[in-house]
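K.L.:
Protein chains: 2
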Amino acid sequence: MGADRLLERFFAKDTIALAKIISLIENRAPGYQEILDALYPKTGRAYRVGITGPPGAGKSSLVDKLTPLYRTEGKRVAIIACDPTSPFTGGALLGDRIRMQDLISDDGVYIRSMATRGSLGGLAKSAHEVALALDAFGFDLILLETIGVGQVEVDIAQAADTVVLVLVPQSGDVVQAMKAGLMEIADVFCVNKADQGEADIAVKNLQTMLSLAMRDWVPPIVKTVALTNQGVEQLKEAIAQHRAFLGEEGFQARRRERLRAFLKQLIEEELRTSLWDGEGLKYLESQLERVWAKELSPHQAARELLRATARR
Amino acid sequence: MGADRLLERFFAKDTIALAKIISLIENRAPGYQEILDALYPKTGRAYRVGITGPPGAGKSSLVDKLTPLYRTEGKRVAIIACDPTSPFTGGALLGDRIRMQDLISDDGVYIRSMATRGSLGGLAKSAHEVALALDAFGFDLILLETIGVGQVEVDIAQAADTVVLVLVPQSGDVVQAMKAGLMEIADVFCVNKADQGEADIAVKNLQTMLSLAMRDWVPPIVKTVALTNQGVEQLKEAIAQHRAFLGEEGFQARRRERLRAFLKQLIEEELRTSLWDGEGLKYLESQLERVWAKELSPHQAARELLRATARR
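What follows is the structure, encoded as structure tokens:
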């Protein structure tokens, strides 16, 4: 199917066309940029909520329970589950997505798992581009679910309007979340599995941490037990509170900041690609020889190569 | 102190000069590149062992127990403990490094903690540069200890000649390590805390995973209990086996590959810096306006900006 026909069906709300377009984006298939160009004017309406946290915190379960609450309001919900997977297996380890049977049968819900195949670096960019496609398709709410363990995951979460950090009541989690740089990007904290362990201590620890930060918005801390639906309504409420706090101005400011970051990333990526074309790689190899032979230091070689590139 | 005097003292094996140089590298202080240029010809002798794995796996304890074994052979050991820390706290959460009192009093051992301050991206580069300085200073063995949770940590670990992946006997760990892309970079597996949980099942799972991969080198799996020194000698032996497997040729090939990656990284970084100078940023803002107004798509704006940059 040609790109024009695909877009026509996409704009006619055909979910098969949507799925194909998402695959083109994920695979960086030829022509995917032009498709994104065509979708772009239709974007800007969807609200994005990032759900992040350590493995096993119960992010997927929370997403499963939150989704029906939005559905009863008539909102169309898209879920992007990002899973930075090992190239060792060649595929995703997303067995846990099987649970979403109830949601799958609802055509107001769209679920897409995204896994990296080989390179982690591109996942944040692809997730953002897929979110643009879902936005253009007409979803009201996009839930971006990611494991919060590294920079890539932080990048994905930061591409949201409201970021929910899900933790379990173990003191170690709070420390690890801090190490991963997640504390400062969270707009709402969720202590899940609050029926296990020492949930109140975890909440107290979080409150202490948060009291150290000077922020206009003090992130609410919600205790939940996803499996029994406990606190899920309150979580939804906390997300709504943050949205209200942002207001239209704050929402637009976040989106503009996100667009700036995305634009910079695109430009750097294009530049990198053009740098390592045939010519550039050949020159890299010859510089590598000289550095290997200790005629030059790595930094000297880098500076020389850049001067040569500028002259090209 | 001037750079010349600092280098003179460095080459006279003054550890205070070493510490100062490492700080210059970490802070990217003016002149640090020239110092690295001067050190570079003296590098290439040290063997690097990366020790990575999930938080709480016992990496630090293993490093503490391994180090004296190398010391009895008369080897000088440097330890770089990388800790991707939250900018929220503004400092490292490395309370656990306090345990190394025994090692600190030995002047054949040098311990350095490295934390990110704000940006994770630069940690891998800095860790590699610090390792170069330690190599030039005359350490025989460099132990690079990192939390294996994301791409940055994978990058750090990959800058080693032998990579040890430390896991605890919980099935979840194996899956998480796979997700983080750690399985394929490990040369030696270590199941630590083997007295707890189901260590034999973990070993069996690892064996099954490894049997799926086609590799010349089949990574040994060592069971350890760091706290009681159990298996630590065997871990050292497994590292030595991998080194013997690599041979001089394999060792040089790894180092050359590492140098290529470092050189590419340096070049890309310099290029990025020169791209976002005053002029580039100004143009970015004007393109952002147009994308925000939906006159252009992000990809179109990126391509236009690059064409304009090429003309500059």
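Residue numbers (our numbering), protein chains in the order written: chain X, 5 to 316; chain Z, 5 to 316.
Positions of the beta carbon are idealized from the N, C-alpha and C atoms, including for glycine.
What whole-angstrom Cβ distance do Ala203 (chain X) and Pro173 (chain X) have, given they're in contact under 8 Å?
P.N.:
For this step, residue 203 (chain X) is matched to residue 199 along the first sequence. For this step, residue 173 (chain X) is matched to residue 169 along the first sequence. Confirmed, Cβ separation roughly 4 Å.
K.L.:
Near Phe92 (chain Z), which residues of its chain fall below 6 Å by C-beta distance, leaving aside the five closest residues on each side in sequence?
P.N.:
Looking up residue 92 (chain Z) in the second sequence gives position 88. At Phe92 (chain Z) the pLDDT is 34, less than 50, meaning the model places this residue with poor confidence; the figure from the coordinates comes in the next sentence. Nothing meets the Cβ criterion.
K.L.:
Check whether the region 186-196 of chain X and the region 237-250 of chain X are in contact - that is, three or more C-beta pairs closer than 8 Å.
P.N.:
Yes, the region 186-196 of chain X touches the region 237-250 of chain X.
K.L.:
Which value, in whole angstroms, describes the spacing of the CA atoms of Arg311 (chain X) and Tyr287 (chain X)?
P.N.:
Numbered from 1 along the first sequence, position 307 holds the residue referred to as residue 311 (chain X). Numbered from 1 along the first sequence, position 283 holds the residue referred to as residue 287 (chain X). The alpha-carbon atoms of Arg311 (chain X) and Tyr287 (chain X) are separated by roughly 12 Å.
K.L.:
Starting from Arg276 (chain Z), find everything on chain X with Cβ-Cβ shorter than 7 Å and list it in chain order.
P.N.:
Translated into positions along the second sequence, residue 276 (chain Z) becomes position 272. Here the neighbours are Glu272.
K.L.:
Determine the DSSP secondary structure at Ala54 (chain X), reduced to helix, strand or coil.
P.N.:
As a first step, residue 54 (chain X) must be located in the first sequence, where it is residue number 50. The amino acid at residue 54 (chain X) is misidentified as Ala; the sequence shows Gly. Residue state, collapsed to three classes: strand.
K.L.:
Between Ala85 (chain Z) and Lys46 (chain X), what straight-line distance do the alpha-carbon atoms span, to the nearest angstrom?
P.N.:
Here residue 85 (chain Z) corresponds to residue number 81 of the second sequence, with the count starting at 1. Here residue 46 (chain X) corresponds to residue number 42 of the first sequence, with the count starting at 1. Each residue's Cα considered, the two are about 48 Å apart.
K.L.:
Taking its Cβ as the centre, do 16 or more other Cβ atoms sit within 10 Å of Met5 (chain X), making it buried, or is it exposed?
P.N.:
Taking the first residue of the first sequence as position 1, residue 5 (chain X) is located at position 1. Counting Cβ neighbours within 10 Å, Met5 (chain X) comes out exposed, since fewer than 16 surround it.
K.L.:
Which of the three DSSP states, helix, strand or coil, is assigned to Glu149 (chain Z)?
P.N.:
The residue given as residue 149 (chain Z) occupies position 145 in the second sequence. Three-state DSSP puts Glu149 (chain Z) in a strand.
K.L.:
I want to verify the contact list: residues of chain Z whose CB lies under 7 Å from the CB of Phe255 (chain X), in sequence order.
P.N.:
As a first step, residue 255 (chain X) must be located in the first sequence, where it is residue number 251. Ordered by position in chain Z, no residue passes the 7 Å Cβ test against Phe255 (chain X), which lies about 14 Å from the chain.
K.L.:
Could you tell me whether the Cβ of Lys268 (chain X) comes closer than 9 Å to any Cβ of chain Z?
P.N.:
The sequence position of residue 268 (chain X) within the first sequence is 264, counting from 1. Yes, Lys268 (chain X) counts as interfacial toward chain Z.
K.L.:
Leu147 (chain X) to Ser117 (chain X), Cα distance in whole Å?
P.N.:
Along the first sequence, read from residue 1 onward, the residue named residue 147 (chain X) stands at position 143. Along the first sequence, read from residue 1 onward, the residue named residue 117 (chain X) stands at position 113. Cα-Cα distance, rounded: 12 Å.
K.L.:
Rounded to whole angstroms, what is the Cα-Cα separation between Thr19 (chain Z) and Glu38 (chain Z)?
P.N.:
As a working note, residue 19 (chain Z) is residue 15 in the second sequence. As a working note, residue 38 (chain Z) is residue 34 in the second sequence. Spanning the two alpha carbons is a distance of roughly 19 Å.
K.L.:
Please name the residues in the region 212-234 of chain X whose beta-carbon is closer than 7 Å to at least one beta-carbon of chain Z, in chain order.
P.N.:
Those would be Ala217, in chain order.
K.L.:
What does the Cβ neighbour count give for Asp8 (chain X), buried or exposed, with the cut at 16 atoms within 10 Å?
P.N.:
One-based indexing of the first sequence puts residue 8 (chain X) at position 4. When all chains shown are included, Asp8 (chain X) counts as exposed.
K.L.:
Using DSSP with H/G/I as helix, E/B as strand and the rest coil, what is Ser90 (chain X)?
P.N.:
Your numbering for residue 90 (chain X) matches position 86 in the first sequence. Reliability of the predicted coordinates at Ser90 (chain X) is poor, the pLDDT of 38 falling under 50, and no value is obtained from them.
K.L.:
When you check each C-beta in the region 292-305 of chain Z against every C-beta of chain X, which residues fall closer than 9 Å?
P.N.:
Listed by position along the chain: Leu292, Val295, Trp296, Lys298, Leu300, Ser301, Pro302, His303, Gln304, Ala305.
K.L.:
DSSP state of Gln174 (chain Z), grouped into three classes?
P.N.:
Position 170 of the second sequence, counted from the first residue, corresponds to residue 174 (chain Z). Coil, per DSSP.
K.L.:
Helix, strand or coil: which one does DSSP assign to Ala163 (chain Z)?
P.N.:
On the second sequence, position 159 is the one that residue 163 (chain Z) refers to. Coil.
K.L.:
Report yes or no: do the region 218-237 of chain X and the region 256-264 of chain X share at least 3 C-beta pairs separated by less than 8 Å?
P.N.:
No: fewer than three Cβ pairs fall under 8 Å.
K.L.:
Over the uninterrupted alpha helix (DSSP H) stretch that includes Val67 (chain Z), give me the two end residues.
P.N.:
Translated into the one-based positions of the second sequence, residue 67 (chain Z) becomes position 63. Looking at the DSSP string, the run of the alpha helix (DSSP H) that includes Val67 (chain Z) is 63-76.
K.L.:
Which residues in chain X have a C-beta closer than 7 Å to the C-beta of Pro34 (chain Z)? List them in chain order.
P.N.:
Counting from one through the second sequence, the residue named residue 34 (chain Z) turns up at place 30. The contacting residues do not exist; Pro34 (chain Z) stays about 13 Å from chain X at best.
K.L.:
Return helix, strand or coil for Val134 (chain Z), following the three-state DSSP convention.
P.N.:
Locating residue 134 (chain Z) in the second sequence gives position 130, where the first residue counts as 1. In this structure, Val134 (chain Z) counts as helix in the three-state DSSP scheme.
K.L.:
Residues in its own chain within less than 7 Å of Lys24 (chain Z) by CB, not counting five upstream and five downstream?
P.N.:
On the second sequence, residue 24 (chain Z) is found 20 positions in, with the first residue counted as 1. Within the same chain, Lys24 (chain Z) has close Cβ partners Leu10.
K.L.:
What are the boundary residues of the beta strand (DSSP E) that Ser319 (chain Z) is part of?
P.N.:
Given that chain Z is displayed from residue 5 to residue 316, the structure contains no residue 319 (chain Z) and the question cannot be resolved.
K.L.:
If the criterion is Cβ atoms closer than 9 Å, does the pair Val67 (chain X) and Glu149 (chain X) meet it?
P.N.:
Stepping through the first sequence from its first residue, residue 67 (chain X) is reached at position 63. Stepping through the first sequence from its first residue, residue 149 (chain X) is reached at position 145. The answer is yes: Cβ separation under 9 Å.
K.L.:
For the alpha helix (DSSP H) that Lys268 (chain X) lies in, which residues bound it at each end?
P.N.:
Position 264 of the first sequence, counting from 1, holds the residue named residue 268 (chain X). Lys268 (chain X) -> alpha helix (DSSP H) spans 236-279.
K.L.:
Along the alpha helix (DSSP H) that carries Ile20 (chain Z), what are the first and last residues, could you check?
P.N.:
Stepping through the second sequence from its first residue, residue 20 (chain Z) is reached at position 16. 19-30 is the extent of the alpha helix (DSSP H) around Ile20 (chain Z).
K.L.:
Out of X:Gln291, X:Glu274, X:Arg294, X:His303, point me to the one whose CA is closest to Lys129 (chain X)'s CA.
P.N.:
Working through the first sequence from its first residue, we reach residue 129 (chain X) at position 125. Looking at the Cα atoms, X:Glu274 is the closest of the given residues.
K.L.:
Measure the alpha-carbon distance for Leu22 (chain X) versus Arg259 (chain X) and round it to whole angstroms.
P.N.:
Counting from one through the first sequence, the residue named residue 22 (chain X) turns up at place 18. Counting from one through the first sequence, the residue named residue 259 (chain X) turns up at place 255. Going from the Cα of Leu22 (chain X) to the Cα of Arg259 (chain X) covers about 23 Å.
K.L.:
State buried or exposed for Lys17 (chain X), treating a residue as buried only when at least 16 other CB atoms are found within 10 Å of its CB.
P.N.:
For the purposes of this step, residue 17 (chain X) is taken as the residue at position 13 of the first sequence. Exposed, since its Cβ has fewer than 16 Cβ neighbours within 10 Å.
K.L.:
How would you call Asp4 (chain Z), buried or exposed, if buried means at least 16 neighbouring beta carbons within 10 angstroms?
P.N.:
The shown model of chain Z, from 5 to 316, leaves out residue 4 (chain Z), and the question about it has no answer.
K.L.:
Closer than 7 Å by beta-carbon distance: list the chain X residues that pair up with Asp41 (chain Z), in chain order.
P.N.:
One-based indexing of the second sequence puts residue 41 (chain Z) at position 37. Correct list: Ser301, His303, Gln304.
K.L.:
What residue range does the alpha helix (DSSP H) around Phe193 (chain X) cover?
P.N.:
What you label residue 193 (chain X) is simply residue 189 of the first sequence in a count that begins at 1. It is not in any alpha helix (DSSP H) - Phe193 (chain X) instead sits in the beta strand (DSSP E) that spans 192-195.
K.L.:
Output yes or no for whether 9 Å exceeds the beta carbon distance between Tyr74 (chain X) and Leu145 (chain X).
P.N.:
Here the question's residue 74 (chain X) lines up with position 70 in the first sequence. Here the question's residue 145 (chain X) lines up with position 141 in the first sequence. The answer is yes: Cβ separation under 9 Å.
K.L.:
Might you give, ordered along the chain, the residues of its own chain that have their beta carbon closer than 6 Å to the beta carbon of Val229 (chain X), omitting 5 neighbours on each side?
P.N.:
Looking up residue 229 (chain X) in the first sequence gives position 225. Closer than 6 Å at the Cβ level, and outside the excluded window around Val229 (chain X), lie Ala198, Asp199.
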